[in-house]
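Novice: The following block contains the structure, expressed as structure tokens.
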Amino acid sequence: MRRSDRRSRPARQRLGNVVAQKHEGSRMSGLRERLGRLRSESVSQQSQPPASLEEEKIADATDQEGESFAVPKAFRSIGVAQKETEFGSFLLRKIEYSFPYRHGTHELADLHGCSPFLQPIAFRQNKKDEVIAPEHLLFLDTETTGLGVGTGNVPFMIGFGYITETAFVVEQTLIRHPGEEKAMLSYLLGHMKNKSHLVTYNGRTFDWPVLTNRFILNGWRKSGADPGHIDFLHPSRALWRTTLPSCRLSTVEVERLGIQRGEDVPGSLAPALYFQYLSDGNPDHLHGVYTHNEKDILTLASLCVHFGLLLSGRNDAEIIEASESEELFRTASWLEQHGEAILAERLFDRLGEREVIGEGGWSLALAARFKRSGQYARALPLWKKASEYAEAATAPKLDAHVELAMYFEHRDKRLDMALHYAEKALELALRRARLISDAKKRREEKEALQRRVARLREKISRASERKS
DNA sequence: ATAGACGTGCCTGTCAGATC
DNA sequence: GATCTGACAGGCACGTCTAT
Numbered sequence: 025m026r027r028s029d030r031r032s033r034p035a036r037q038r039l040g041n042v043v044a045q046k047h048e049g050s051r052m053s054g055l056r057e058r059l060g061r062l063r064s065e066s067v068s069q070q071s072q073p074p075a076s077l078e079e080e081k082i083a084d085a086t087d088q089e090g091e092s093f094a095v096p097k098a099f100r101s102i103g104v105a106q107k108e109t110e111f112g113s114f115l116l117r118k119i120e121y122s123f124p125y126r127h128g129t130h131e132l133a134d135l136h137g138c139s140p141f142l143q144p145i146a147f148r149q150n151k152k153d154e155v156i157a158p159e160h161l162l163f164l165d166t167e168t169t170g171l172g173v174g175t176g177n178v179p180f181m182i183g184f185g186y187i188t189e190t191a192f193v194v195e196q197t198l199i200r201h202p203g204e205e206k207a208m209l210s211y212l213l214g215h216m217k218n219k220s221h222l223v224t225y226n227g228r229t230f231d232w233p234v235l236t237n238r239f240i241l242n243g244w245r246k247s248g249a250d251p252g253h254i255d256f257l258h259p260s261r262a263l264w265r266t267t268l269p270s271c272r273l274s275t276v277e278v279e280r281l282g283i284q285r286g287e288d289v290p291g292s293l294a295p296a297l298y299f300q301y302l303s304d305g306n307p308d309h310l311h312g313v314y315t316h317n318e319k320d321i322l323t324l325a326s327l328c329v330h331f332g333l334l335l336s337g338r339n340d341a342e343i344i345e346a347s348e349s350e351e352l353f354r355t356a357s358w359l360e361q362h363g364e365a366i367l368a369e370r371l372f373d374r375l376g377e378r379e380v381i382g383e384g385g386w387s388l389a390l391a392a393r394f395k396r397s398g399q400y401a402r403a404l405p406l407w408k409k410a411s412e413y414a415e416a417a418t419a420p421k422l423d424a425h426v427e428l429a430m431y432f433e434h435r436d437k438r439l440d441m442a443l444h445y446a447e448k449a450l451e452l453a454l455r456r457a458r459l460i461s462d463a464k465k466r467r468e469e470k471e472a473l474q475r476r477v478a479r480l481r482e483k484i485s486r487a488s489e490r491k492s
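In this note's numbering, the protein residues as written are 25 to 492.
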């Protein structure tokens, strides 16, 4: 089906029902009460089945044939149909996003040009230099009954996406009971056959281990190496850990990819909504989960374009323009770490030219980088700017002054300047002491600076004695 | 709730330079 | 040349954070 918003009830209302019922459940004091409640609900359902569902089944059996037999209208309304395999059946939803299709700020058709640049962040055993082809990527997101990766956690919905010449396609599988799991997994395996890399968010730690366990429990033996993997959690953290309130996918997509979901069921509610569906058979509970999973997959594709562009160096100007210094520094460091030294250097250069130095640690970190590579002439102005900033701050950092003291003592050999910065650092340390609660740390810091000042004074006096 | 990846901070060992 | 001190890199332990 083509993308359309045909939700039968506002997600908020469904969400409210679940929350209300959870709250009610928490008041239950004992197991007997809960069992009693379940029993009475079950009886009431048997005596008074939801009219709409019964009608749907009848309608289904008469107006649908083959694949969709017995699929309730509330599923069919969002494009869900039954899929048959040699291992049995499960439910499948397929959505095509014809190009051009923009998800947030990125055009998904750009995956075609961006994918090869993702190689430095892709993990694949024994195939390090392999070129990543866009049509070999499988974007994956599962909805499971819990958070653990043990055998008790069941993926009830597997969403995956892939690119074709003309569209980005999302497919979502759903099992109505555990007996359908093997069919669902076999369908996923079929789609993994011609793919080289999974694309996920924390999927190396979560989705893939969960699925691996389910494959084993369903009788598949592990053969060969794991598929390649591009997991965007860690690159996202590398760039945005200090500038975003969190690096959850939902935060990243709003703050950095320009995506607004509107009403969205949080992933944490997915297990409860699935249990609601299992308990009363009403597909409406899962509409929000379908939408959530679908959007997660689209966001993965958008992340792919974002990082692909970053690694290609094609959007340097935009990044430099839009990024605050801290983020620009982290981006450059990340590029350097992934072997993109020339791209990184370009960003470091622009950063060094920036006049304003704020509270973030980027200026000192950049100076430290220049120092490590012996580029003292580039480190010096950064230390000086940072020292001026520190002197004006209420809770000053001493690092820049200490670095300057070391530089003038050991490199520039101007002991008077070294003493000046050491004394200034000591002065700042005494001013800052009131703000540090750790008494031991405060004392050690002060004593180290006093030793430095004393040593420099002695060195200066010896030098002047020698001259005279 | 669960497990793994990664960043941070601390500790230790090594090396280089300064001093006697 | 011997000794001392400071700088720095590497390793380890621990804490944080993410997925549902």
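Glycine included, each C-beta is placed from N, C-alpha and C at the ideal position.
#1: Report, in whole angstroms, the separation of the C-beta atoms of I102 and H311, which I expect to be a contact under 8 Å.
#2: State the DSSP-derived secondary structure class of F192, mapped to helix, strand or coil.
#3: Is S101 helix, strand or coil by DSSP?
#4: Excluding the 5 residues flanking S326 on each side, which residues of the same chain have their C-beta closer than 6 Å to its C-beta?
#5: Using a 10 Å radius around the Cβ and a threshold of 16 neighbouring Cβ atoms, would you call D436 buried or exposed?
#6: Can you tell me which of the three DSSP states Q8 falls into?
#7: With which residues is T109 paired in a DSSP beta bridge?
#8: Secondary structure at G183, three-state DSSP: helix, strand or coil?
#9: Please report how far the alpha carbon of V426 lies from the alpha carbon of Y445, in whole angstroms.
#10: Quick one: grab the DSSP three-state call for K206.
#11: Going by DSSP, which residues form a beta bridge with L162?
#12: Mark G183 as exposed unless 16 or more other C-beta atoms lie within 10 angstroms of its C-beta, in which case mark it buried.
#13: Quick one: give me the first and last residue of the beta strand (DSSP E) that I199 is part of.
#14: Does the structure place the region 384 to 400 close enough to the region 337 to 357 that three or more beta carbon pairs sit under 8 Å?
#15: If you drop the 5 nearest sequence neighbours on each side, which residues of the same chain put their C-beta closer than 8 Å to that of V477?
#16: Could you check the C-alpha separation between V223 and I344 for me, to the nearest Å?
#17: Please return the same chain residues whose Cβ sits closer than 6 Å to the Cβ of A368, not counting the five positions on each side in sequence.
#18: Per DSSP, what kind of secondary structure is S28 in: helix, strand or coil?
#19: Tell me the DSSP secondary structure of G252 in three-state form.
#20: Helix, strand or coil, according to DSSP, for E120 in the structure here?
#21: Quick one: any contact between the region 225 to 238 and the region 290 to 302, if contact means 3 or more CB pairs under 8 Å?
#22: Quick check for students: name the residue ranges of the alpha helix (DSSP H) that lie wholly in the region 288 to 375, counting only runs of 4 or more.
#23: Opposite F147 in the DSSP bridges: which residues?
#24: Does E447 come out as helix, strand or coil in the three-state DSSP assignment?
#25: If we count the other Cβ atoms within 10 Å of its Cβ and call it buried at 16 or more, is D320 buried or exposed?
#26: For the candidate residues L334, D304, T169, whose alpha-carbon lies nearest to that of C138?
#27: Is the closest heavy atom of the ligand MN to the C-beta of F180 under 7 Å?
#28: Look at A146 and G252 and say whether their C-beta atoms are less than 8 Å apart.
#29: Output yes or no for whether 8 Å exceeds the beta carbon distance between C328 and L135.
#30: N237: which of G176, G363, L404 sits nearest, CA to CA?
#31: Determine which residues share a DSSP beta bridge with H130 and list them.
#32: Return the Cβ separation of M181 and T169 in integer angstroms, given the expectation that the two are a contact with Cβ distance under 8 Å.
#33: Helix, strand or coil for L480, going by three-state DSSP, please let me know.
#34: For E11, count the other beta carbons within 10 Å of its own beta carbon; 16 or more makes it buried, fewer makes it exposed. Which is it?
#35: Going by the DSSP bridge assignment, what does T168 pair with across the sheet?
#36: List the endpoints of the continuous alpha helix (DSSP H) containing S274.
Specialist: The relevant details are as follows:
#1: 6 Å
#2: strand
#3: coil
#4: H127, G128, H130, L281
#5: exposed
#6: No answer is possible for residue 8: the residues shown for the chain start at 25 and end at 492.
#7: G112
#8: strand
#9: 7 Å
#10: helix
#11: L222
#12: buried
#13: Looking at the DSSP string, I199 is not in any beta strand (DSSP E), and its letter there is neither H nor E.
#14: yes
#15: L443, A446, E447, L450
#16: 27 Å
#17: A356, L359, E360
#18: Note that S28 has pLDDT 34, beneath the 50 cutoff, so the model's placement of it is unreliable and no number is given.
#19: strand
#20: strand
#21: no
#22: 294 to 304, 308 to 336, 340 to 346, 349 to 361
#23: H253
#24: helix
#25: buried
#26: L334
#27: Absence of the ligand MN from the depicted structure is noted, as is the absence of any ligand whatsoever, leaving it without description.
#28: yes
#29: yes
#30: G176
#31: H127
#32: Rounded, the Cβ-Cβ distance is 10 Å, inconsistent with contact.
#33: helix
#34: Residue 11 falls outside the range modelled here, since the chain spans only 25 to 492, and no answer is possible.
#35: P179
#36: 273 to 280
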